[in-house]
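Novice:
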Amino acid sequence: MQLYADVIALSQGLVAAKFYQTVLARLTVRNIPGKLARFTEVLIRSMTVVAVPTTLLSTVSSSTYWMWPWTCAAGAVAVAACNCLTYFLADRILSAARDGLSTVPDADRKFARGYEQWWWTMLLYAFIIATIATGLQVGALKDRWAYVFVLVIITVGVHYAAKCAAAGPAVRGSIARAFSTGERIAVSSRHPSDPMTWPPRLFSPHDPPPAELRRGR
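First residue of the sequence shown? That's 759 in this note's numbering, and the numbers climb one at a time after it.
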């Protein structure tokens with residue numbers, strides 16, 4: 759039975775590391791005001807350790823190997839919450855900027871590769887794991903290897919390969935575009951009467967251009 763937990767812990771660690779590395783590692787909302795942004799920042803950074811409980815409880819302590827389905831379900835809920843807040847924050851930013859910024863994408867092109875579905879599909883995944891965990895704990899489900907195999911296929915095949923590896927860079931780009939738009943709005947709202955604050959410039963239009971520009975470079 760310990761082998762089941764070891765296999766699950768390995769797959770969870772792989773996908774958690776890939777998710778943070780590919781999608782979240784270079785995203786931040788520290789410069790965007792509001793409680794939603796603060797909560798989103800905390801959840802984004804917490805994804806660095808989302809797989810730690812599963813790994814520790816499953817592989818370090820042999821007496822708690824039976825807890826791996828519950829830790830997997832809890833980790834999936836945490837990922838779903840992170841995706842949910844990230845999506846709703848980005849969507850609110852783009853909706854607020856639609857009338858003021860020409861670089862905001864069309865409503866049907868806000869996010870790449872169906873990112874708006876990631877949070878509720880992960881929540882459904884967590885519900886399935888919790889159902890399996892309940893069945894295993896009460897003895898209603900017997901074939902542990904079958905459930906481990908299915909969960910590993912979903913974790914590695916869907917979450918790691920399809921979502922993180924294939925769709926991850928495009929998803930990160932669409933989220934980063936929304937968050938950078940939020941920073942632009944925050945900067946312009948703090949200095950509404952300063953024409954030099956936004957958009958950012960390399961030099962003031964009232965200053966003489968650099969020598970490279972005067973020489974036509």
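Don't be surprised by glycine CBs; every beta carbon is placed ideally from N, CA and C. A quick note: this is a predicted structure, and the numbers were derived from the prediction, not measured.
#1: Hey, A934 and P791 are a contact pair by Cβ (cut 8 Å); roughly how many whole angstroms apart?
#2: Are three or more beta carbon pairs between the segment 886–902 and the segment 823–834 nearer than 8 Å?
#3: Just the Cα atoms here: how many angstroms apart are E874 and V910?
#4: Could you compute how far the alpha carbon of T780 sits from the alpha carbon of T879?
#5: According to DSSP, is K776 part of a helix, a strand, or is it coil?
#6: Hey, how far is the Cα of N841 from the Cα of V773?
#7: Taking just the CA atoms, how far does A834 sit from Y883?
#8: In whole angstroms, what separates the C-alpha of V794 from that of A763?
#9: Can I758 and G940 be called in contact, C-beta distance under 8 Å?
#10: Could you tell me the alpha carbon to alpha carbon distance between W826 and R856, rounded to whole angstroms?
#11: Beta-carbon within less than 8 Å of G926's beta-carbon, same chain only, minus the 5 sequence neighbours each way: which residues are those?
#12: Anyone know if the C-beta pair for S932 and A870 falls short of 8 Å?
#13: With a threshold of 7 Å on Cβ separation, who are the neighbours of A838 within its own chain once the five nearest residues in sequence on each side are excluded?
#14: Can you give, in chain order, each stretch of the alpha helix (DSSP H) that sits fully within the segment 837–920 and has at least 4 residues?
#15: Would T798 and L847 qualify as a contact pair, given that the criterion is a beta-carbon distance under 8 Å?
#16: Enumerate in chain order the residues of its own chain whose CB-to-CB distance from T913 is below 7 Å, with the five nearest sequence positions on each side excluded.
#17: If you drop the 5 nearest sequence neighbours on each side, which residues of the same chain put their C-beta closer than 7 Å to that of V808?
#18: Give every residue of the same chain whose Cβ lies closer than 6 Å to the Cβ of H917, excluding the five residues on either side of it in the sequence, and list them in chain order.
#19: Looking at the secondary structure, which residues open and close the alpha helix (DSSP H) in which P791 lies?
#20: Run through DSSP, which three-state label would A809 get?
#21: Looking only at its own chain, which residues have a Cβ that is under 8 Å from the Cβ of L843, when we skip the five neighbours before and after it?
Specialist: In terms of the structure at hand:
#1: On the sequence shown, position 176 is the one that residue 934 refers to. On the sequence shown, position 33 is the one that residue 791 refers to. Not quite, the Cβ-Cβ distance comes to about 18 Å (not below 8 Å), so this is no contact.
#2: yes
#3: In the sequence shown, the residue the question calls residue 874 occupies position 116. In the sequence shown, the residue the question calls residue 910 occupies position 152. Straight-line Cα distance between these residues: approximately 24 Å.
#4: Reading the sequence shown from its first residue, position 22 is the one you call residue 780. Reading the sequence shown from its first residue, position 121 is the one you call residue 879. Cα to Cα, the separation comes out at about 19 Å.
#5: Translated into the one-based positions of the sequence shown, residue 776 becomes position 18. If DSSP states are grouped into helix, strand and coil, K776 belongs with the helices.
#6: Translated into positions along the sequence shown, residue 841 becomes position 83. Translated into positions along the sequence shown, residue 773 becomes position 15. N841 and V773: Cα-Cα distance of roughly 15 Å.
#7: Along the sequence shown, one-based indexing puts residue 883 at 125. Along the sequence shown, one-based indexing puts residue 834 at 76. So the two alpha carbons sit approximately 7 Å from each other.
#8: Counting from 1 along the sequence shown, the entry for residue 794 is found at position 36. Counting from 1 along the sequence shown, the entry for residue 763 is found at position 5. Going by the sequence as given, residue 794 is Leu instead of Val. Approximately 35 Å between the Cα atoms of the pair.
#9: Limits of the chain in this structure are 759 at one end and 975 at the other, which puts residue 758 out of reach.
#10: Numbered from 1 along the sequence shown, position 68 holds the residue referred to as residue 826. Numbered from 1 along the sequence shown, position 98 holds the residue referred to as residue 856. About 45 Å.
#11: Counting from 1 along the sequence shown, the entry for residue 926 is found at position 168. For G926, where only same-chain residues beyond five positions count, the Cβ hits under 8 Å are K776, F777, T780 and V781.
#12: On the sequence shown, position 174 is the one that residue 932 refers to. On the sequence shown, position 112 is the one that residue 870 refers to. Contact flag set, yes.
#13: In the sequence shown, residue 838 corresponds to position 80, counting from 1. Cβ within range, chain order: W877, M880, L881 and A884.
#14: 876–896 and 902–910
#15: As a working note, residue 798 is residue 40 in the sequence shown. As a working note, residue 847 is residue 89 in the sequence shown. Closer than 8 Å, so yes.
#16: Position 155 of the sequence shown, counted from the first residue, corresponds to residue 913. Excluding residues within five positions, the ones whose Cβ falls inside 7 Å are S769, Q770 and V773.
#17: Stepping through the sequence shown from its first residue, residue 808 is reached at position 50. Taken in chain order, the residues that qualify are A774, G833, A836 and V837.
#18: Translated into the one-based positions of the sequence shown, residue 917 becomes position 159. Hits under 6 Å: V773.
#19: Residue mapping note: residue 791 aligns to position 33 of the sequence shown, counting from 1. Careful: P791 lies outside any alpha helix (DSSP H) and carries neither H nor E.
#20: Reading the sequence shown from its first residue, position 51 is the one you call residue 809. A809: coil per DSSP, three-state reduction.
#21: Taking the first residue of the sequence shown as 1, we reach residue 843 at position 85. So the list reads L794, F797, T798 and L801, once near-sequence residues are dropped.
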